[in-house]
RNA sequence: CGGGGCGUGGCGCAGUCCGGUAGCGCACCUGCUUUGGGAGCAGGUGGUCCCCGGUUCGAAUCCGGGCGCCCCGACCA
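In the numbering used here, the protein residues as written are 104 to 589.
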C-alpha cells in the first residue's frame, strides 16, 4: 500500500491530521483567496443537515428567518464604541463601486447587530411590537490573520439571531434559553457534549453585557467555542435609537440579544469524532448513513446489482439515507477506504455469496471492542435493524465524547503552578476558583497559554466549591474552566 | 504582524548546490484480464518549472525584485 494513501495519524501531528482529513474526505478545499475555502458537497451536506435541525429548533422556540444585507455603512459599525474596537482590526471594507470611490465606505458584515438594530428601530414603536425574534442564515467576513479550514476562515457561514425585548429580564431569559437550544443541538445532532457557562469580560463579545457560550473539548484536549449567546443590554438600542413606548406610556430603550453558531461546528465534528482512518460522521447529520457496495465481476453481476437496488430501495423506504456505490471502475476495497475516510456510519456489502445465503455483510464505521468488523447477517434483519443501529451509533458517539471530556478534566486545582502542570500533562478543561480579577487571566495565559473558557454553569461545577482564587490572591467568587483553545 | 517552510502536469515529489533534450510515483485515457480491504499487464494524454526583470550562446537551476500558500507564535466564531 502506498504510504501517501494513508493519513498522518492524530498522534503524529494532530493539526496535520486535521488538514488532511478535511481535504481528503472532500469536506473543503482551499480557495484562491487567502484564508478562504470552498465547502465541497460532502461538507456542505453535513452543514445542511445541521442547519435543518437547528433551524427547526429555532422556529420551535418562536423565531422567524429574515435576511439583512451584506454591506453595512461604516458609520453604523462605528456607533457602538466597544463594538468598533472589537471588530475594526478584522473588517474588510468596500471603498469603490461602479468604477468610482464611494462617498461612505461599506463594511462587509463581520456580524449584523448594527444594521439589524437600525432596522428594528424603524419597526418598533410600542411595547406591542415586541419582542422581535429574528434569525438569519448568512455569510460573514472577518479578516483573520491566521486561518484554518472551518475553524477560522475569513468568510464563514453561520446563523445569527437578533432579538429585541421590552424588559431586561426577558432578554436575559432569551439568551439563556438559546444557549440551552445550542447545547441540546450539538449534543443530540453532532454528539458533541459541551460545557456551558458565561464568558469573562475579557472574552465576551464586543458590545455585549454578558456572553454565554458552549465550550467543547477536541481530541487533542484543546477547547473549541462552539456557540455563543449574548445579552446586549441596551448598548445597541441606545446607539440606534431602538425605543418603544411602554405600557405605562414612557419612552424606553429596548433590550437586545444576539447569538450564533457557524460552520466551525463542522470542524468541531471532525476533531471530536474523527480517527486515524478519517472522519466519523454522526448518523443524524451524515449525508449518507449507509453505503451499499456491490461485489461485482462474477457471472452473477446482474443479479448482485438487482439485489443492491432492491436493498437500497427498502432502506430508503425505512427512512435511511442510503447511497449505492455502483461504480465499476473502482474495486470494492478502494470504495471501503473512501467511504470510511468520509465517515459514513455503516456499510453494506452484497456479493454473489450473499445472493445464495440471503445475507449481506454489515460493517460499522467504528467497531466496539471485541467485535468482528464485518458481520454477515440475514438481509431482512439488516434492513430491519439498521435504523436502530444508527440510533445506537449516534448515542455511543455522544457517550464516548462525554467520557473523554470527563477523563480529560481536572478539578480542584489550587494554584497556577498546578494548573500549568495539569495542562502540560495533557489535561483538557481545568477547573479552579477565580477572584474575578482580569489580571489573573493575563497571568495564567502568560504562564500556561490557557484562557478562561467559561465561568461554568451550575451543572458543571465541582461538588465542593473552590474557596480560593487560583492565583492564591483573594477568595474565589466563581468556579471557572481553563483550557488551551482554538 | 513577526519567525520558519514551500511554489516543477490534477496530487505528492526529485532535479536547483555544480546552467546544457523536464523526470518519477499516484491519478487520468484506451484495451484486455480483474473486483469479499487501496487490482494487474500493455499502450497513451497532459507541464508558459509562481510572476517580472537581469546575467548567459543557453536559466527550473545563478542574481535582483515581487506575489502566493502552508506551518509555528501575538489577536479572534
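For glycine and all other residues, C-beta sits at the position ideal for the given N, C-alpha and C.
Item                                                                                                                                                : Value
Any idea what DSSP makes of residue 580, helix, strand or coil?                                                                                     : coil
I'd like to check one pair, residue 224 with residue 334: are the Cβ atoms closer than 8 Å?                                                         : no
Comparing alpha-carbon positions, which option in 156, 480 and 455 lies nearest residue 465?                                                        : 480
Terminal residues of the continuous beta strand (DSSP E) containing residue 535?                                                                    : 533–537
With residue 347 and residue 227 assumed to form a contact (beta carbons below 8 Å), what rounded beta-carbon distance in angstroms separates them? : 5 Å
What distance in whole Å lies between the Cβ atoms of residue 374 and residue 121, which are believed to be in contact at a cut-off of 8 Å?         : 6 Å
Output the distance between the C-alpha atoms of residue 462 and residue 318, rounded to the nearest integer angstrom.                              : 44 Å
What would DSSP say about residue 116, mapped onto helix, strand or coil?                                                                           : coil
How would you label residue 299, buried or exposed, when you count the other beta carbons within 10 angstroms and need 16 or more for buried?       : buried
Excluding the 5 residues flanking residue 140 on each side, which residues of the same chain have their C-beta closer than 7 Å to its C-beta?       : 131, 132, 133, 134, 252 and 256
Determine, using beta carbons only, whether residue 591 and residue 186 come nearer to each other than 8 Å.                                         : Because the chain spans 104 through 589 in this model, residue 591 falls outside it and cannot be assessed.
Look at residue 370 and residue 443 and say whether their C-beta atoms are less than 8 Å apart.                                                     : no
Rank 510, 192, 208 and 191 by C-alpha distance to the C-alpha of residue 199 and give the top, closest one.                                         : 208
Please state whether DSSP places residue 109 in a helix, a strand or coil.                                                                          : coil
What are the start and end residues of the alpha helix (DSSP H) that includes residue 520?                                                          : 519–527
Where does residue 376 sit, in a helix, a strand or coil, going by DSSP?                                                                            : helix
DSSP state of residue 571, grouped into three classes?                                                                                              : strand
Report buried or exposed for residue 152, applying the criterion of at least 16 other Cβ atoms within 10 angstroms of its Cβ.                       : buried
Quick check on residue 308: does DSSP put it in helix, strand or coil?                                                                              : coil
With a 10 Å radius around its C-beta and 16 neighbouring C-beta atoms as the bar for buried, classify residue 568 as buried or exposed.             : exposed
Considering only the alpha carbon of each residue, which of 232, 433 and 457 lies closest to residue 409?                                           : 457
From 292, 583, 166 and 247, pick the residue whose C-alpha is nearest to that of residue 236; which is it?                                          : 166
Can you have a look at residue 170 and say buried or exposed, based on whether 16 or more other CB atoms are within 10 angstroms of its CB?         : exposed
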